[in-house]
Each structure stands twice: as C-alpha cells, then as structure tokens.
Amino acid sequence: MIEDISRHGITILLFLLTQERVVVSDARRLNIGYSTFYRSLIPLIRMGLIEEEGEGARKAFKLTELGRQIALKLKEVDDLLKTSVRRE
0 MIEDISRHGI
10 TILLFLLTQE
20 RVVVSDARRL
30 NIGYSTFYRS
40 LIPLIRMGLI
50 EEEGEGARKA
60 FKLTELGRQI
70 ALKLKEVDDL
80 LKTSVRRE
C-alpha cells in the first residue's frame, strides 16, 4: 500500500500538515511538475487520504482524518530519520 503513495504523494501529505489545502499552483512550491502532481493525487484520493473541494481551476485538496493520521506518522518517521541517520 505505501508504495502506491510515491515520494511526491508523501511530499503532498506532509505539506498538508502545515496548510489547510493544496492547489495545483502549489506544485511549484513543492518542486513537483504539474502532471506529476496530478498523478500523485490519484492514489491519495483512492485511499481516502485526501478529498477534493471545488471544481475546475478552483479545485483544492485537503486531508481527511485518515490522511491526517497517516501524514503525522510519516512526519514522525521523517523527523526520526533527520535526527538519527548520518548523511554521507
């Protein structure tokens, strides 16, 4: 299951911990191309981790409660790796 999320999906989930919503224009802030951004959203929506709001150009995506729980766990792992793994 986790392999379906992709590294860009993880980036989006972690971003949503600090922002209420993510919109297409945020892709640049996340260093993700627009098509990669959209492809990364598909499994997140399918798994029930994010949900869509709005329509067309005003479409935004936000975490579901399950998505928030998963994102918090991913942040915990990321923080642990940042503090305990030596960079070479």
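Numbering of the sequence shown is given in numbering that gives the first Met the number 0, commencing with residue 0 and proceeding in unit increments. Backbone N, C-alpha and C fix where the C-beta goes; we use that ideal spot for every residue, glycine too.
Count the other CB atoms within 10 Å of the CB of residue i; is the residue buried (16 or more) or exposed (fewer)?
{"i": "Ile9", "result": "buried"}
{"i": "Val84", "result": "exposed"}
{"i": "Ala26", "result": "buried"}
{"i": "Ser24", "result": "exposed"}
{"i": "Ala70", "result": "buried"}
Quick one: residues in its chain with C-beta nearer than 7 Å to the C-beta of residue i, no 5 flanking neighbours on either side, listed in chain order?
{"i": "Glu2", "result": "none"}
{"i": "Leu65", "result": "Gly47, Leu48"}
Give me the Cβ distance between residue i and residue j, rounded to the nearest whole Å; I'm assuming they're in contact under 8 Å.
{"i": "Ser21", "j": "Leu15", "result": "The sequence given here places Val at residue 21; Ser does not occur at that position. Going by Cβ atoms, the distance from Val21 to Leu15 rounds to 6 Å, so yes, they are a contact pair."}
{"i": "Thr63", "j": "Leu48", "result": "6 Å"}
Got a sec? Which residues, its chain only, sit under 6 Å from residue i by beta carbon, not counting five neighbours each side?
{"i": "Ser5", "result": "Ser39"}
Mind pulling the beta strand (DSSP E) runs of 3 or more residues that sit fully within the segment 58-82?
-> 59-62
What residue ranges within the segment 16-55 form continuous alpha helix (DSSP H) runs of no fewer than 4 residues, ordered along the chain?
-> 25-28, 33-45
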